[in-house]
Every structure is written in C-alpha cells, then in structure tokens.
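Residue numbers (my numbering): 92 to 387. Written below as structure tokens is the structure these notes are about.
Here is the structure:
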C-alpha cells in the first residue's frame with residue numbers, strides 16, 4: 092500500500108513538472124520562437140502558450156527598442172585629424188525568427204557592425220563636416236548600419252553622434268581660425284558702413300549745393316550743438332563765403348569787390364643779400380679834453 096501511495100505521489104510530481112514545463116505566458120512585447128525536435132515551427136504570439144515537454148524548446152525575443160551605447164572609437168578624418176567619437180544607436184527586432192536563426196547573438200552583432208560603420212563613415216568626412224554636419228552623418232550611419240542588420244531581422248531606427256573629442260592643439264587652431272573669421276567679418280562690415288556713409292554724405296552735399304541757405308542752416312545747427320556742450324573752448328570754422336561777404340563790404344566805394352586770389356603791391360622789393368656801398372666819412376678836428384673830463 093505504501094508503495095502505491097509513493098508511486099502516485101511521484102506521478103503527481105512528474106505531472107505538475109510536465110505541466111509547468113509545457114505552459115508559457117508571453118508578454119505583449121515578447122514573441123516566442125519555438126523549436127520542435129530542432130525544427131522551427133510557427134511563431135508564438137503574446138498570451139498563453141502550450142508546449143510539448145521535452146520535445147519543444149522556446150526562445151523569448153523582446154521586440155522593444157534597445158538602446159546601444161557604441162564604445163568610444165578613435166577615428167582619423169579625411170584631413171588627417173585624429174578624433175575620439177562616441178555615439179548611441181537605437182534598434183529593435185522586427186522579425187524574431189530571423190533574429191534567432193540567422194545570427195547567433197543579434198545584439199552583439201549589431202554592436203560590432205555599429206563600431207566598424209562609425210569608423211568607416213566618419214573617416215570619409217572632414218573635421219569641419221564632423222563638427223557642423225552631424226545630422227547628415229547621423230543619417231548616413233543609420234542607413235549603412237541598417238543595410239547590414241536588415242537580413243537579421245533587426246531594424247536600426249536612429250544613430251546619434253554624442254561627442255567628438257578633438258585634441259587640444261587642434262582646438263587652439265580652430266579657435267584661431269574662428270577668431271580670424273570674426274575679424275574678417277568685422278572689417279567687411281566696417282567697410283560696408285564707410286561706403287554707405289560716404290554715399291549718404293555725397294547725396295547730402297548734392298542737396299546742399301542746390302540751395303546755399305541749406306549750408307548756412309547746417310552751419311547754424313553745428314554752432315547750436317557746440318553751445319550745448321560743456322567744453323570750455325570751441326573752434327568755429329568760418330566758411331569761405333562769409334569771408335568773401337565781409338571783404339566785399341570793406342571793398343572800394345564804387346562797390347567793386349576785392350579779389351582774394353589777386354596779389355597786393357607793397358612797393359619795391361629789397362634785396363637783403365645785395366652788398367651796401369658806404370661812402371667816405373669825414374672826421375673833424377679833435378677837441379682837447381681837460382684833465383677833469385669837462386670840455387673847455
């Protein structure tokens with residue numbers, strides 16, 4: 092009797108073990124790749140899945156997006172500049188059967204493909220493109236990696252370059268280049284401003300030349316601005332027209348004006364360097380001077 096009871100208990104334990112081994116529950120983001128006696132059968136969907144003990148073996152595959160941190164890679168750009176680049180890739184499994192059957196470890200294989208593609212793509216770009224055209228390089232990396240992982244049932248969604256480590260010497264060279272570019276822009280802007288100012292001054296001179304009163308008004312405005320300043324002394328320029336008016340008012344009675352450009356006759360000129368003739372000098376008799384110094 093005891094032997095029968097022990098046999099029943101053993102059979103019950105084996106039944107529970109077999110039942111637990113044959114029942115699987117898959118989550119919504121999982122798929123089950125089942126091998127029956129080593130052969131691939133239909134893919135199992137989320138929910139309750141029944142397997143034949145000892146005969147079936149199931150592999151769970153996660154269909155969620157996986158974040159892959161690509162290790163730092165030493166890259167030499169096309170213009171022979173060594174840089175150290177880090178990137179991140181996002182991929183997901185779209186075909187669970189191929190991801191398990193066609194490649195041993197799809198995550199490790201995707202990581203290695205991402206590293207080699209990163210060095211190959213960035214090695215064809217210049218340093219300036221690597222620093223300023225990251226969006227284009229990210230798209231190129233995504234396309235290159237996805238073409239190689241697509242036969243495995245893996246879809247690469249995004250590849251982003253995280254950081255580009257440039258040597259210190261090259262950083263100083265880039266800073267000098269940027270400074271020179273800024274100085275060039277400043278000089279160009281200054282030259283354009285001078286050109287525009289000269290053009291406006293030319294237009295203003297043409298307008299004032301049409302009416303002499305405009306120049307006089309501008310002159311008075313300048314005097315008013317000087318009067319408002321706190322300077323102790325001011326230099327007031329006199330236009331040539333004012334001088335002509337004053338000299339005209341002080342001209343001859345018949346109303347003729349004085350020509351400023353004519354020369355003024357100041358009499359015969361004297362040649363300083365000519366020798367001077369001196370005639371004979373007559374000397375009269377000398378008078379005797381008394382001893383006391385008084386004349387007689």
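Cβ atoms here follow ideal geometry from the backbone N, Cα and C, with glycine treated the same way. Note that this is a predicted model, so its numbers are computed, not measured.
How long is the line joining the alpha carbons of residue i and residue j, rounded to whole angstroms?
i	j	result
residue 255	residue 283	37 Å
residue 189	residue 129	15 Å
residue 226	residue 123	37 Å
residue 308	residue 293	18 Å
residue 221	residue 287	39 Å
residue 306	residue 339	20 Å
residue 261	residue 281	30 Å
residue 112	residue 242	32 Å
To the nearest whole angstrom, what separates the beta carbons of residue i and residue j, a pair I think is in contact under 8 Å?
i	j	result
residue 216	residue 169	6 Å
residue 229	residue 195	Contact doesn't hold; Cβ gap of about 28 Å is too wide.
residue 239	residue 204	5 Å
residue 185	residue 246	5 Å
Taking only three categories from DSSP, how would you classify residue i?
i	result
residue 99	helix
residue 121	strand
residue 363	Residue placement at residue 363 is poorly supported in this model, since its pLDDT is 41, which falls under 50; the coordinates are not used for a value here.
residue 355	Legend: pLDDT at residue 355 = 40, less than 50; position of this residue unreliable, no value from coordinates given.
residue 144	coil
residue 279	helix
residue 258	coil
residue 150	strand
residue 134	coil
On the DSSP bridge list, what partners appear for residue i?
i	result
residue 252	178
residue 116	139
residue 215	DSSP output for residue 215 lists no bridge partner at all.
residue 183	246
task = Would you check if the segment 111-121 and the segment 132-139 touch, i.e. whether three or more CB-CB distances between them fall below 8 Å?
result = Contact between the segment 132-139 and the segment 111-121 is present, because at least three Cβ pairs lie under 8 Å.
Segment contact flag, the segment 165-180 with the segment 138-156, C-beta cutoff 8 Å, min 3 pairs = They do not touch, by the three-pair rule.
query = Are the segment 141-148 and the segment 174-184 in contact at 8 Å, needing three or more beta carbon pairs?
reply = In this structure the segment 141-148 does not lie against the segment 174-184, because fewer than three pairs of beta carbons, one per stretch, are closer than 8 Å.
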